[in-house]
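Residue numbers (the working numbering): 714 to 1017.
For reference, the structure is listed below as structure tokens.
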Ligand SMILES: [Zn+2]
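Below, the structure written as structure tokens:
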């Protein structure tokens, strides 16, 4: 039987853009966490294209010990691109994610009619500084996310990442027009067991740039599997709904598309928890009752 609220307790949104940011956002970090907690969610990942979000996540975790906020770094121009020093600092600040370039990716630039931008390739080979960063990610055992790289770049990156020992990988919105990864490639990567696909509702939002049909998300989940799917919103645009409402809408639409409650729990709660290494709560346990260690406490002891 379906839960009356389509969003199961303990959901995690692994892709949210809240303020402060360099552009206007729907809500700020405090509103985000308040709304997510009210929706019975247990965690969010703060993403900012131009600034590391680890410090913000640390403060939120002090304020809300019954909830988890995660942060990380996007390797755009503002971070210095493929800058090992910025990656090192983010890791020591408790980053959960290191994202490959998004707005600064050559693929992103090209697809929106621009020029230049960052690519991970040096001719036919992976850039040496990118390989070094993959080693940092492997050593720290943080999550590698593909950002807005071209799908073929992402495939090459992931193969190399697995070869150097990266254990946790998230392919960022593989259905979106700009980062559209062929389903066959997704299936091959899913078979490694180390790769999750973060399928974002924003990609199918009416008016989204290079948007897709919601049915494309549904088809790709069916083709690649619920076991590797993480449902996230990528919300933050002022004209869209709040991330918490987005999660509810997303779950309801997947339920309407025929996914079972257990599938929805995997895609909204379990898979993200596994990627983020959060303990798996019993099904009926409200997330407010789960006490988790503060990442700030864990990482301050490692700082100089
Ligand atoms: Zn995003």
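All residues carry an ideal CB built from backbone N, CA and C; glycine is no exception.
Cβ-heavy atom distance, residue i to ligand 1, below 6 Å
{"i": "residue 726", "result": "no"}
{"i": "residue 947", "result": "yes"}
C-beta atoms of residue i and residue j nearer than 7 Å
{"i": "residue 843", "j": "residue 812", "result": "no"}
{"i": "residue 942", "j": "residue 910", "result": "yes"}
{"i": "residue 783", "j": "residue 846", "result": "no"}
{"i": "residue 669", "j": "residue 959", "result": "In the structure as shown, the chain starts at 714 and stops at 1017, and residue 669 therefore has no counterpart that could be examined."}
{"i": "residue 819", "j": "residue 826", "result": "no"}
{"i": "residue 772", "j": "residue 810", "result": "no"}
{"i": "residue 724", "j": "residue 981", "result": "yes"}
{"i": "residue 986", "j": "residue 993", "result": "yes"}
{"i": "residue 817", "j": "residue 790", "result": "yes"}
{"i": "residue 1065", "j": "residue 766", "result": "As shown, the chain starts at 714 and ends at 1017. That puts residue 1065 outside it, with no answer to give."}
{"i": "residue 747", "j": "residue 738", "result": "no"}
{"i": "residue 687", "j": "residue 879", "result": "Because the chain is modelled from 714 through 1017, residue 687 falls outside the range shown and cannot be assessed."}
{"i": "residue 719", "j": "residue 912", "result": "no"}
{"i": "residue 930", "j": "residue 853", "result": "no"}
{"i": "residue 889", "j": "residue 867", "result": "no"}
{"i": "residue 722", "j": "residue 978", "result": "no"}
{"i": "residue 892", "j": "residue 861", "result": "yes"}
{"i": "residue 956", "j": "residue 742", "result": "no"}
{"i": "residue 926", "j": "residue 873", "result": "no"}
{"i": "residue 988", "j": "residue 900", "result": "no"}
{"i": "residue 757", "j": "residue 729", "result": "yes"}
{"i": "residue 815", "j": "residue 762", "result": "yes"}
{"i": "residue 785", "j": "residue 808", "result": "yes"}
{"i": "residue 944", "j": "residue 963", "result": "yes"}
{"i": "residue 902", "j": "residue 908", "result": "yes"}
{"i": "residue 864", "j": "residue 834", "result": "no"}
{"i": "residue 884", "j": "residue 851", "result": "no"}
Residue i - partner residues in DSSP beta bridges
{"i": "residue 948", "result": "729"}
{"i": "residue 740", "result": "Answer is none; residue 740 lacks a bridge partner."}
{"i": "residue 812", "result": "787, 858"}
{"i": "residue 911", "result": "885, 943"}
{"i": "residue 835", "result": "838"}
{"i": "residue 818", "result": "831"}
CB contact check: residue i to chain D, cutoff 7 Å
{"i": "residue 838", "result": "As a matter of chain content, chain D is missing from the structure shown, which is built from one protein chain."}
Can you list the beta strand (DSSP E) stretches of 3 or more residues lying completely in the region 743-802, in chain order? 756-759, 781-783, 785-787
Runs of 3 residues minimum, wholly inside the region 927-985: which ones carry the beta strand (DSSP E) assignment? 942-945
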